[in-house]
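Chains as they are written, first to last, in this note's numbering: chain A, 47 to 249; chain B, 247 to 474.
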């Protein structure tokens, strides 16, 4: 793994960050209350629930789906979502024949306004190195085995365009409302490492 | 730069490890680090390309041994020192470190010419369907042309419009705005015969990273083909 929880410097990052914040606050370059607000936004207000709303809306509203595929930034803006890392959003749709997968091999670019901040696995060296070169093996590790006649399209987010996958709507969901569909859509499905699971029929 | 950050296609990192019920942040200092960087970039301390390049300039062994937010910390310390906002002494004193332990501020270098003022709406050299090749560029400075695609042939899928050029912008050498294209590369073109025949990699590439396929070395041995 990428050594995500240890300190490579022999000096706790917590102390260094605290010192940095104090110095920058003293110089008037940052405001601790403004930092609190940024943290609150990404801990509590922005996350994959936003993307799930986008997907559910696309499933139930063909006109919205059309606008989403044509100009995702504008269509997603209709739902009130936007902001940093969301200036150029693109929605890519999975079908029975095409499966989309999102990665950023050079850093960890991710569509924050719709998915929030990325999980550690998305930022891991294993995912960044392998998603482009052996996507089928990576998907298998996530429990997703794709048939040989399905084409995988891997989107390497190397510029400022940020991608969200519109997964296939699972069977057995025809009677569900948009709000119920939102509950089904996972972050992993919107990155492309999973499908949205079919719903067991009520007995 | 051909740094360790350019990971596409590397081997040896093992399986993708996932964490159940992962929190957004794993420690309070990560929250503050994230907010500090958001705030400083928002104020224009550095542009996003300078910040990315500061991460890339972390020496490879340390890059690999650091977590995501540790890399942000080192990058932002580097930029603050380089831009003379803070000194290494101040950073060292405030966190109880020896000055030598503070991230070395390697001088940024670039081997791209300063473009001067470019037209803000440059014309697109390519359009959807054009066959192109990713150029074999090995920039010393910042670039967003991944190593794994250099020299490969692809097809323009879409023109995303005009964007600031990272290779110059990261070094404050100008915006050099130009078209960015979604370019499709067959997995087999990039990775060889063992790749799945249907799979593709789509990469967003600035116009300066691309050449028309008929201009390329390969086409010297074969008649140039155009899609139309």
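Glycine residues also receive a C-beta, built at the ideal position from the N, C-alpha and C atoms.
Can you tell me the Cα-Cα spacing of residue i and residue j, whole angstroms?
{"i": "residue 454 (chain B)", "j": "residue 424 (chain B)", "result": "8 Å"}
{"i": "residue 321 (chain B)", "j": "residue 422 (chain B)", "result": "24 Å"}
{"i": "residue 343 (chain B)", "j": "residue 61 (chain A)", "result": "10 Å"}
{"i": "residue 257 (chain B)", "j": "residue 175 (chain A)", "result": "7 Å"}
{"i": "residue 446 (chain B)", "j": "residue 369 (chain B)", "result": "28 Å"}
{"i": "residue 418 (chain B)", "j": "residue 328 (chain B)", "result": "13 Å"}
{"i": "residue 391 (chain B)", "j": "residue 223 (chain A)", "result": "43 Å"}
{"i": "residue 81 (chain A)", "j": "residue 126 (chain A)", "result": "22 Å"}
{"i": "residue 214 (chain A)", "j": "residue 336 (chain B)", "result": "54 Å"}
{"i": "residue 373 (chain B)", "j": "residue 203 (chain A)", "result": "20 Å"}
{"i": "residue 375 (chain B)", "j": "residue 92 (chain A)", "result": "37 Å"}
{"i": "residue 102 (chain A)", "j": "residue 220 (chain A)", "result": "12 Å"}
{"i": "residue 241 (chain A)", "j": "residue 278 (chain B)", "result": "34 Å"}
{"i": "residue 83 (chain A)", "j": "residue 442 (chain B)", "result": "46 Å"}
Run the CB neighbour count on residue i, radius 10 Å, all protein chains shown included, and call it buried at 16 or more, exposed below.
{"i": "residue 79 (chain A)", "result": "exposed"}
{"i": "residue 295 (chain B)", "result": "buried"}
{"i": "residue 269 (chain B)", "result": "exposed"}
{"i": "residue 141 (chain A)", "result": "exposed"}
{"i": "residue 229 (chain A)", "result": "exposed"}
{"i": "residue 265 (chain B)", "result": "exposed"}
{"i": "residue 244 (chain A)", "result": "exposed"}
{"i": "residue 387 (chain B)", "result": "buried"}
{"i": "residue 415 (chain B)", "result": "buried"}
{"i": "residue 52 (chain A)", "result": "Confidence at residue 52 (chain A) is low in this model, with a pLDDT of 47, below 50, so its placement is unreliable and no value can be given for it."}
{"i": "residue 146 (chain A)", "result": "buried"}
{"i": "residue 15 (chain A)", "result": "It is not possible to answer for residue 15 (chain A), since the shown part of chain A is limited to 47 through 249."}
{"i": "residue 438 (chain B)", "result": "exposed"}
{"i": "residue 162 (chain A)", "result": "buried"}
{"i": "residue 108 (chain A)", "result": "exposed"}
{"i": "residue 104 (chain A)", "result": "buried"}
{"i": "residue 90 (chain A)", "result": "exposed"}
{"i": "residue 289 (chain B)", "result": "exposed"}
{"i": "residue 120 (chain A)", "result": "exposed"}
{"i": "residue 165 (chain A)", "result": "buried"}
{"i": "residue 96 (chain A)", "result": "buried"}
{"i": "residue 254 (chain B)", "result": "buried"}
{"i": "residue 94 (chain A)", "result": "buried"}
{"i": "residue 124 (chain A)", "result": "exposed"}
Consult DSSP for residue i and reduce its assignment to one of helix, strand or coil.
{"i": "residue 474 (chain B)", "result": "Note that residue 474 (chain B) scores a pLDDT of 42, beneath 50, so its modelled location is shaky and nothing firm can be said."}
{"i": "residue 262 (chain B)", "result": "coil"}
{"i": "residue 232 (chain A)", "result": "coil"}
{"i": "residue 315 (chain B)", "result": "helix"}
{"i": "residue 122 (chain A)", "result": "helix"}
{"i": "residue 347 (chain B)", "result": "helix"}
{"i": "residue 211 (chain A)", "result": "strand"}
{"i": "residue 139 (chain A)", "result": "strand"}
{"i": "residue 202 (chain A)", "result": "strand"}
{"i": "residue 147 (chain A)", "result": "strand"}
{"i": "residue 113 (chain A)", "result": "helix"}
{"i": "residue 221 (chain A)", "result": "coil"}
{"i": "residue 184 (chain A)", "result": "helix"}
{"i": "residue 177 (chain A)", "result": "coil"}
{"i": "residue 322 (chain B)", "result": "helix"}
{"i": "residue 239 (chain A)", "result": "coil"}
{"i": "residue 52 (chain A)", "result": "A caution first: residue 52 (chain A) carries a pLDDT of 47, below 50, which makes its placement in the model unreliable, though a value can still be read off. Reduced to three states, the DSSP call for residue 52 (chain A) is coil."}
{"i": "residue 396 (chain B)", "result": "coil"}
{"i": "residue 371 (chain B)", "result": "coil"}
{"i": "residue 65 (chain A)", "result": "helix"}
{"i": "residue 390 (chain B)", "result": "coil"}
{"i": "residue 378 (chain B)", "result": "strand"}
{"i": "residue 197 (chain A)", "result": "strand"}
{"i": "residue 385 (chain B)", "result": "coil"}
{"i": "residue 331 (chain B)", "result": "coil"}
{"i": "residue 131 (chain A)", "result": "coil"}
{"i": "residue 341 (chain B)", "result": "helix"}
Does any heavy atom of the ligand ADP sit closer than 8 Å to the C-beta of residue i?
{"i": "residue 92 (chain A)", "result": "Annotation note on the ligand ADP: not contained in the displayed structure, which lists no ligands."}
### Task
Taking only runs that begin and end inside the segment 398-467 of chain B, name each unbroken alpha helix (DSSP H) of 4 or more residues, in chain order.
412-415 and 433-437
### Residues, ordered as in the chain, of the segment 178-198 of chain A that lie near chain B by beta-carbon distance below 7 Å
178, 179, 181, 182, 184, 187, 197 and 198
### Query
Which full runs of the alpha helix (DSSP H) of 4+ residues lie inside the segment 247-308 of chain B, going along the chain?
274-288 and 294-302
#### Entry: chain B contacts made by the segment 201-213 of chain A, where a contact means CB separation under 8 Å
201, 202, 203, 204, 205, 206 and 207
### Chain-ordered residues of the segment 153-170 of chain A with a beta carbon less than 8 Å from chain B
153, 154, 162, 163, 165, 166, 167, 169 and 170
### Message
At a CB distance below 8 Å, what residues from the segment 335-348 of chain B approach chain A? Give them in sequence order.
### Response
336, 337, 340, 341, 342, 343 and 347
### Query
Can you list, in chain order, the residues of the segment 250-261 of chain B whose Cβ is nearer than 7 Å to any Cβ on chain A?
251, 252, 253, 254, 255, 256, 259, 260 and 261
### Message
Which residues of the segment 76-94 of chain A have a Cβ closer than 7 Å to any Cβ of chain B? Give them in chain order.
### Response
76, 80, 81, 84, 85, 88 and 89
### Query
Listed in chain order, which residues of the segment 106-126 of chain A have Cβ atoms closer than 8 Å to some Cβ of chain B?
none
### Query
If you measure beta-carbon to beta-carbon, which residues of the segment 421-439 of chain B are closer than 7 Å to chain A?
426 and 437
### Task
Return the residues of the segment 222-233 of chain A that lie within a Cβ-Cβ distance of less than 8 Å from chain B, sorted by chain order.
none
### Task
Using a Cβ-Cβ cut-off of less than 9 Å, list which residues of the segment 58-71 of chain A approach chain B; keep chain order.
58, 59, 60, 61, 62, 63, 64, 65, 66, 67, 68, 69 and 70
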